[in-house]
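Residue numbers (my numbering): -17 to 286.
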Ligand code: HMG
Ligand code: MG
């Protein structure tokens, strides 16, 4: 069966904009986040408190976060605004501004751990341990991203048992939820099913799992549907399909939120998202970036 409701975790302002060549002005980013919230997205990843030399596109995190911190959804609820923090320095910066949700980001492969965090897989996990412990002690919700869950640009296909091991470590250190990343978009639905079956076999509750697909080979929606059939109800997506990853060359855009909402709506699955407002927002952002959205749904609806 399929779930009655799916929570969309919107990553466009972070995963999308971190990969743009141009640095988007802070006020445009703030307006993007506000418009996403107004379109009904209840979780809008805002920015990253990483080293500004590593990701210059998000170096304005201190200026941006206060502009969006107190956002409310159209129904009046507080919008969740998670931010990425790689280490205690990042956590300190986030806590100083009142962040209530943070995300650490691990890798299933050594190559990407080195490229993205300048650490081995286990050194990165050791770096996250005090971050997760201190965040939880402060009542802050912690997401654990896990990159390269299916394939890696340097190492090729990634064995399921390696992914399971790092998932276990992230949950054991106290992460509230995990996001399984197909960073370079090479997954196919059978592989998604195999990983979710293996995680269930290890006693990982599916309610703690989200999926994070990139659409490099056009498989993101098929992979999402496979995950839904395995009981996943949290799906990451990026408005207009913005994104990629600066430290993984072959990564292209994330699953577009509009494509996801179109499919879910057709399946009768509630998301609370206004597709018209969302598409208009992506069109507006595409104008700022100077190129059209790669999302098929954005293009189809824009021509109506
Ligand atoms: P490092 O060079 O090993 O850092 O980088 P370090 O720990 O040796 O510290 C060096 C200097 O950086 C020190 O300053 C620190 O204070 C400073 P100094 O004493 O020399 O003056 N520093 C910081 N400054 C500000 N904020 C901080 C911070 N940390 C240290 N947080 C580090 C290690 C983790 C910092 C670096 O590798 C980094 O920032 N990496 C972030 C990379 C990134 O953001 N990648 C994109 C996100 S992951 C992703 O997109 C995948 C995902 O979407 C899922 C998927 O698709 O798979 C999530
Ligand atoms: Mg990503």
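Just so you know, even glycine gets a beta-carbon here, dropped at the ideal spot from N, CA and C.
These numbers come from a predicted model, not from an experiment.
Taking the C-alpha atoms as reference points, what is the distance between residue i and residue j?
i           : j           : result
residue 120 : residue 253 : 30 Å
residue 28  : residue 42  : 11 Å
residue 282 : residue 269 : 17 Å
residue -7  : residue 219 : 6 Å
residue 267 : residue 183 : 42 Å
residue 38  : residue 9   : 16 Å
residue 147 : residue 186 : 11 Å
residue 131 : residue 142 : 8 Å
residue 128 : residue 91  : 10 Å
residue 287 : residue 46  : Nothing in the structure corresponds to residue 287, since the chain is present only between -17 and 286.
residue 73  : residue 117 : 8 Å
residue 112 : residue 85  : 13 Å
residue 167 : residue 78  : 35 Å
residue 96  : residue 136 : 11 Å
residue 109 : residue 275 : 36 Å
residue 251 : residue -15 : 7 Å
residue 35  : residue -17 : 46 Å
residue 48  : residue 76  : 10 Å
Beta carbon of residue i, beta carbon of residue j: below 8 Å?
i           : j           : result
residue 223 : residue 256 : no
residue 17  : residue 53  : no
residue 26  : residue 242 : no
residue 71  : residue 123 : no
residue 206 : residue 237 : yes
residue 239 : residue 260 : yes
residue 200 : residue 160 : no
residue 149 : residue 125 : no
residue 171 : residue 202 : no
residue 178 : residue 145 : no
For residue i, tell me which candidate among the options has the shortest Cα-Cα distance.
i           : options          : result
residue 114 : 88, 3, 235, 97   : 88
residue 59  : 135, 78, 19, 246 : 19
residue 68  : 271, 101, 57     : 101
residue 22  : 150, 136, 61     : 61
How would you write the range of the alpha helix (DSSP H) that residue i sits in, first residue to last?
i           : result
residue 126 : Run containing residue 126: none in the alpha helix (DSSP H); it sits in the beta strand (DSSP E), 123 to 129.
residue 216 : Here residue 216 belongs to no alpha helix (DSSP H); instead the beta strand (DSSP E) covers 216 to 219.
residue 280 : 278 to 284
Could you tell me the boundaries of the beta strand (DSSP E) in which residue i lies?
i           : result
residue 159 : 159 to 164
residue 248 : First-last for residue 248: 239 to 248, but that is the alpha helix (DSSP H), not the beta strand (DSSP E).
residue -1  : Note, residue -1: premise wrong, no beta strand (DSSP E); not H, not E.
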